[in-house]
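Novice:
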Amino acid sequence: VVGKTNAPIFGSTIISKNRVYGTTRNPWNLRTTPGGSSGGSSSAVAARMVSFATAADGGGSIRNPACFTGCYGLKPTRGLVPMTEGRNFGMERFVHCVSFGPLTRCVEDTALLLDVTAGYHWHDPMSLPKPSVSFRNIVREALTRKQSRRPLKILFSSDFGFVSHVDSDILMEAKKAVQKLESFGHTVVIEEFGKAKYSKLPDLELGWAMAMGAQEREMVHDAIGEENMHRVDKSLTRSWKFYEDLRVTQLGDVYKDVHKLNCAIDTIFESYDVIASPVMPIRAFKAEGPVPIEKFANPLHVVGFLTPFNFSGHPAASIRFEGKNGAQPIGAIQLIGPRHQDDVILELSSLYESKITNNWPSAKL
Numbered sequence: 015v016v017g018k019t020n021a022p023i024f025g026s027t028i029i030s031k032n033r034v035y036g037t038t039r040n041p042w043n044l045r046t047t048p049g050g051s052s053g054g055s056s057s058a059v060a061a062r063m064v065s066f067a068t069a070a071d072g073g074g075s076i077r078n079p080a081c082f083t084g085c086y087g088l089k090p091t092r093g094l095v096p097m098t099e100g101r102n103f104g105m106e107r108f109v110h111c112v113s114f115g116p117l118t119r120c121v122e123d124t125a126l127l128l129d130v131t132a133g134y135h136w137h138d139p140m141s142l143p144k145p146s147v148s149f150r151n152i153v154r155e156a157l158t159r160k161q162s163r164r165p166l167k168i169l170f171s172s173d174f175g176f177v178s179h180v181d182s183d184i185l186m187e188a189k190k191a192v193q194k195l196e197s198f199g200h201t202v203v204i205e206e207f208g209k210a211k212y213s214k215l216p217d218l219e220l221g222w223a224m225a226m227g228a229q230e231r232e233m234v235h236d237a238i239g240e241e242n243m244h245r246v247d248k249s250l251t252r253s254w255k256f257y258e259d260l261r262v263t264q265l266g267d268v269y270k271d272v273h274k275l276n277c278a279i280d281t282i283f284e285s286y287d288v289i290a291s292p293v294m295p296i297r298a299f300k301a302e303g304p305v306p307i308e309k310f311a312n313p314l315h316v317v318g319f320l321t322p323f324n325f326s327g328h329p330a331a332s333i334r335f336e337g338k339n340g341a342q343p344i345g346a347i348q349l350i351g352p353r354h355q356d357d358v359i360l361e362l363s364s365l366y367e368s369k370i371t372n373n374w375p376s377a378k379l
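Going by the numbering used here, the sequence shown runs without a break in its numbering and finishes at 379.
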């Protein structure tokens, strides 16, 4: 273990800064953020300070920083990598949105790290048995064959039917990225912005914030006690006040919508093998913030491509767009697979990666 990296308080935003350690910056451009909440991890990996980092994703906190720093980030199938920190909070989670996973500079490193970390652990009752296959071997075999084990049908969505804004250059590069996969014999179907049909998902952003906020408040309150709650950042305690009196029926309504989400995703996977989208609808912004939410009809749409798959538990990866040599990547494509088919996403990611330039920043930190 090299050490801990910086993160926002309780992983609550896509900017990695806090009152103790200050602001983390993006090694591609020190004026911009590396994302969050695992921004310290993504910055350290992109700057080649470490070979890989562990991270957690409860609303895009692996995929967003991977996108902003050009790393490869995988939110695995829920339960594939055990979450062993739960006992520190003295309660079991009732919102199962968070998954542990790797941030690396290449797909094969992620596959290797999964081979080591995946499997059951008694501290996590949701964890799954260790897979019988080696993810690293699957990636290496795909690169040797220069194709997937079978042709895939891929559905690209520009907005999932609800994300209210995507920067035009990001949308253009995302389409170019997914079309690269056709060279490996895969079929790509693109749904344009504002025209989602097969890829239309319910907008659960407010429900996600409500459920995660309620759980977070209870965990922190029990861990530090009422007498220390005044020490928590006011930006969080202000939002937590909305969840103090959350009724069971309100949480029930959220999970009725989660059921609708799961049904919608299941319907897509009846006809398609992989879903693709942009990771983030905007570029990396100023390191100190604020998050540029003014472009969106709903501010939470800034992570609208990410949170559906935290609720659903599907594996979802962020892999960078092709960029100019030495230039900061402007974004990344997200690849989502059926549950327990992380190997399909890793295999597809490795083939895509073989088609792009995988350079890294030379900023002086």
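By construction, the Cβ of each residue, glycine as well, lies at the ideal position given by its N, Cα and C atoms. The model shown is predicted, which means the values in this text are computed figures rather than measured ones.
Please work out which residues of its chain come closer than 7 Å, Cβ to Cβ, to residue 248, disregarding the five sequence neighbours upstream and downstream, and give them in chain order.
Specialist: Around residue 248: no qualifying Cβ.
Novice: Using DSSP's beta-bridge definition, name the partner residues of residue 113.
Specialist: Bridge partners of residue 113: 71.
Novice: Using the C-alpha atoms, what's the distance from residue 373 back to residue 339?
Specialist: Spanning the two alpha carbons is a distance of roughly 7 Å.
Novice: How would you write the range of the beta strand (DSSP E) that residue 205 sits in, first residue to last?
Specialist: 201-205 is the extent of the beta strand (DSSP E) around residue 205.
Novice: Using a Cβ-Cβ distance cut-off of 7 Å, determine whether residue 368 contacts chain B.
Specialist: The structure shown contains no chain B; it holds only a single protein chain.
Novice: Mind checking residue 20: buried by the 16 CB within 10 Å criterion, or exposed?
Specialist: Its Cβ being crowded by 16 or more others within 10 Å, residue 20 is buried.
Novice: Classify residue 138 as helix, strand or coil using the three-state DSSP reduction.
Specialist: The answer is strand: DSSP assigns residue 138 an E or B state.
Novice: So what does DSSP say about residue 8, is it helix, strand or coil?
Specialist: One cannot answer for residue 8 here, as it falls past the ends of the chain, which runs 15 to 379.
Novice: On the three-state DSSP scale, how would you describe residue 17?
Specialist: Looking at residue 17 - three-state DSSP - the assignment turns out to be coil, as it is neither helix nor strand.
Novice: Just to confirm, are residue 121 and residue 153 a CB contact at a threshold of 7 Å?
Specialist: Yes.
Novice: Could you give the distance in angstroms between the alpha-carbon of residue 5 and the alpha-carbon of residue 308?
Specialist: A query on residue 5 cannot be resolved here, the shown segment of the chain reaching from 15 to 379 and no further.
Novice: Which word fits residue 360, buried or exposed, when buried means at least 16 other C-beta atoms lie within 10 angstroms of its C-beta?
Specialist: By the neighbour-count rule (16 or more Cβ atoms within 10 Å), residue 360 is buried.
Novice: Using the C-alpha atoms, what's the distance from residue 270 back to residue 297?
Specialist: Cα to Cα, residue 297 sits roughly 33 Å from residue 270.
Novice: Can you tell me which of the three DSSP states residue 320 falls into?
Specialist: Coil, per DSSP.
Novice: Taking 7 Å as the cut-off, decide whether the C-beta atoms of residue 29 and residue 303 are in contact.
Specialist: Yes. Within cutoff.
Novice: For residue 87, which residues from the same chain have a beta carbon less than 6 Å from its beta carbon, with the 5 sequence-adjacent residues on both sides left out?
Specialist: Answer for residue 87: 76, 77, 80, 117 and 332, listed in chain order.
Novice: Under 6 Å Cβ to Cβ from residue 34, same chain only, skipping five residues before and after it: list those, please.
Specialist: For residue 34, where only same-chain residues beyond five positions count, there are no Cβ hits under 6 Å.
Novice: Determine the extent of the beta strand (DSSP E) in which residue 331 is found, giving its start and end residues.
Specialist: Residues 330-334.
Novice: Hey, how far is the Cα of residue 26 from the Cα of residue 159?
Specialist: Approximately 42 Å between the Cα atoms of the pair.
Novice: Check whether the Cβ atoms of residue 301 and residue 349 sit closer than 7 Å, and answer yes or no.
Specialist: No, they are not a contact pair.
Novice: Under the three-state reduction of DSSP, which class applies to residue 366: helix, strand or coil?
Specialist: Looking at residue 366 - three-state DSSP - the assignment turns out to be helix.
Novice: Give the range of the alpha helix (DSSP H) segment to which residue 167 is assigned.
Specialist: Not the alpha helix (DSSP H): residue 167 falls in the beta strand (DSSP E), residues 167-171.
Novice: Would you tell me roughly how many angstroms separate the C-alpha atoms of residue 282 and residue 210, rounded to the nearest one?
Specialist: Roughly 12 Å separates the two Cα atoms.
Novice: Give the straight-line distance between the Cα atoms of residue 315 and residue 179, rounded to the nearest whole angstrom.
Specialist: Distance between the alpha carbons of residue 315 and residue 179 is about 8 Å.
Novice: Quick check on residue 218: does DSSP put it in helix, strand or coil?
Specialist: Residue 218 falls in the coil class under three-state DSSP.
Novice: In terms of residues, what are the limits of the alpha helix (DSSP H) holding residue 338?
Specialist: Run containing residue 338: none; DSSP gives neither H nor E here.
Novice: I need the straight-line Cα distance from residue 379 to residue 190, nearest angstrom please.
Specialist: Residue placement at residue 379 is flagged as unreliable, the pLDDT there being 48, under the threshold of 50; the coordinate-derived value follows with that caveat. In a straight line, the C-alpha of residue 379 is about 32 Å away from that of residue 190.
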